[in-house]
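Residues in the sequence shown are numbered consecutively from 1219, following this note's numbering.
The structure appears right after this line, and notes come after that.
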Amino acid sequence: MSFRFLHDELLEYQGQTAFVDVLIPWIEKNPAEIEWLRSIRLRTGRLIPNVSEDELWLLYAASRVFELLVLRFQSGRADGSDWPGPTISEDELVCFAERIGLDVMRPDRYSPFYHEIAALSCSPKTAQSPQIIKYHWPCLMLGPLLLIRAGVTVSASSSVMHPEVAGTSTLYWAHRRKTRPHHDLAHGWGHNSSWRTSFRRDYHLGDTFHFNVDGAVDLLGLRAESLNEEGLTPRERMELVANRCFVTVTKDNVDQFPYDDRFSLKAV
1219 MSFRFLHDEL
1229 LEYQGQTAFV
1239 DVLIPWIEKN
1249 PAEIEWLRSI
1259 RLRTGRLIPN
1269 VSEDELWLLY
1279 AASRVFELLV
1289 LRFQSGRADG
1299 SDWPGPTISE
1309 DELVCFAERI
1319 GLDVMRPDRY
1329 SPFYHEIAAL
1339 SCSPKTAQSP
1349 QIIKYHWPCL
1359 MLGPLLLIRA
1369 GVTVSASSSV
1379 MHPEVAGTST
1389 LYWAHRRKTR
1399 PHHDLAHGWG
1409 HNSSWRTSFR
1419 RDYHLGDTFH
1429 FNVDGAVDLL
1439 GLRAESLNEE
1449 GLTPRERMEL
1459 VANRCFVTVT
1469 KDNVDQFPYD
1479 DRFSLKAV
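This is the structure in structure tokens:
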């Protein structure tokens, strides 16, 4: 019973105590799966750890489970469904995450590495940097490897985050959200084929954030004036990769393909 089957079981469950009826029994029946997940967090050092293609698929399945679990803390129906997600409290979400070896984090300072914009409040202050107003769900890490970002309400000035862009533009590397339009490489494939999607790996190693480390194109190696097929500059592509959505760029946000891009940035 891998994470893929746990995902499907959560979809099919119609009761009101998912933590007791689904998550706890899964933990008890899957020590090998949990041990493998914990082994990933131990692959640390200054360099990006190696993982196999099969492991990227398994990590993707694990991330899909948590995408379902955090639906309960979202509003809207951008996923095209009125289903609110599995019945689970935030304490139960944290308990499940910690029992399978994840680190639960709620950093005080906003960072696109750790935080997903679930909602945006426009601040009247000039050039106010993003401030976290509310946590909707926590960030989950496997040591230095990001599994799922925290969902937060952010306040920022319109010069820092465009009010008509940051909170509503398409969120990439996201299979299911209720809060905003989203896109994932598994979309459009059959049920079995969709699970052969590689997990996006982001690492915080030392003083550096590494975004989408398996991407083929290093954006830092491109000329500043160069444009990709969608008409984006390297800086605009960096914004999309780091935030997984546009926050200031007003160009088309629906038909982008950022999945091949990567770059690294000093952590502030």
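Glycine residues also receive a C-beta, built at the ideal position from the N, C-alpha and C atoms.
Self-check item: Secondary structure, alpha helix (DSSP H): runs of 4+ residues fully inside the segment 1387 to 1429
Solution: Secondary structure within the segment 1387 to 1429: the alpha helix (DSSP H) runs of 4 or more consecutive residues, fully enclosed, are 1409 to 1412 (chain order).
Practice problem: Would you check if there are 3 or more beta carbon pairs closer than 8 Å linking the segment 1272 to 1281 to the segment 1220 to 1233? | Solution: Counting Cβ pairs under 8 Å, three or more are found: they touch.
Self-check item: Three-state secondary structure assigned by DSSP to Tyr1353
Solution: Tyr1353 falls in the strand class under three-state DSSP.
Self-check item: 9 Å Cβ cutoff met for Pro1356 and Val1312
Solution: Going by C-beta atoms, Pro1356 is nearer than 9 Å to Val1312.
Quiz prompt | CB-CB length for Val1435 against Asp1479, believed under 8 Å | solution = With 8 Å as the limit, Val1435 and Asp1479 qualify as a contact, their Cβ atoms being about 5 Å apart.
Quiz item: For the segment 1417 to 1431 against the segment 1261 to 1274, are there 3 or more C-beta pairs whose distance is under 8 Å?
Solution: Yes, since at least three Cβ pairs between the segment 1417 to 1431 and the segment 1261 to 1274 fall closer than 8 Å, the two stretches touch.
Quiz item: To the nearest whole angstrom, what separates the beta carbons of Lys1271 and His1393, a pair I think is in contact under 8 Å?
Solution: Going by the sequence as given, residue 1271 is Glu instead of Lys. In this structure, Glu1271 and His1393 do not form a Cβ contact; the two beta carbons are roughly 19 Å apart against a cut-off of 8 Å.
Self-check item: Buried or exposed by the 16-neighbour rule on C-beta atoms within 10 Å, applied to Pro1249
Solution: Exposed, since its Cβ has fewer than 16 Cβ neighbours within 10 Å.
Quiz item: Does the count of Cβ pairs from the segment 1243 to 1261 and the segment 1304 to 1323 closer than 8 Å reach three?
Solution: Counting Cβ pairs under 8 Å, three or more are found: they touch.
Practice problem: Mind the definition here: the segment 1363 to 1372 touches the segment 1441 to 1456 only if three or more C-beta pairs lie below 8 Å; say whether that holds. | Solution: Touching, no, given that fewer than three Cβ pairs across the two stretches are closer than 8 Å.
Quiz item: What's the C-alpha gap between Pro1348 and Thr1466?
Solution: About 13 Å.
Practice problem: Taking Phe1427 and Ala1485 to be in contact with their CB atoms under 8 Å, please state how far apart those CB atoms are, rounded to whole angstroms. | Solution: About 5 Å separates the two Cβ atoms, so the contact holds.
Exercise. Check Gly1369 in the structure and name its three-state DSSP category.
Key: It is a strand residue.
Quiz item: If we count the other Cβ atoms within 10 Å of its Cβ and call it buried at 16 or more, is Leu1276 buried or exposed?
Solution: The residue in question, Leu1276, is buried, as its Cβ has 16 or more Cβ neighbours within 10 Å.
Quiz prompt | Cutoff 6 Å; reference Glu1227; Cβ partners in own chain excluding five residues on either side | solution = Exclusion of the five residues before and after Glu1227 leaves Val1240 as the residues of its chain whose Cβ lies within less than 6 Å of its Cβ.
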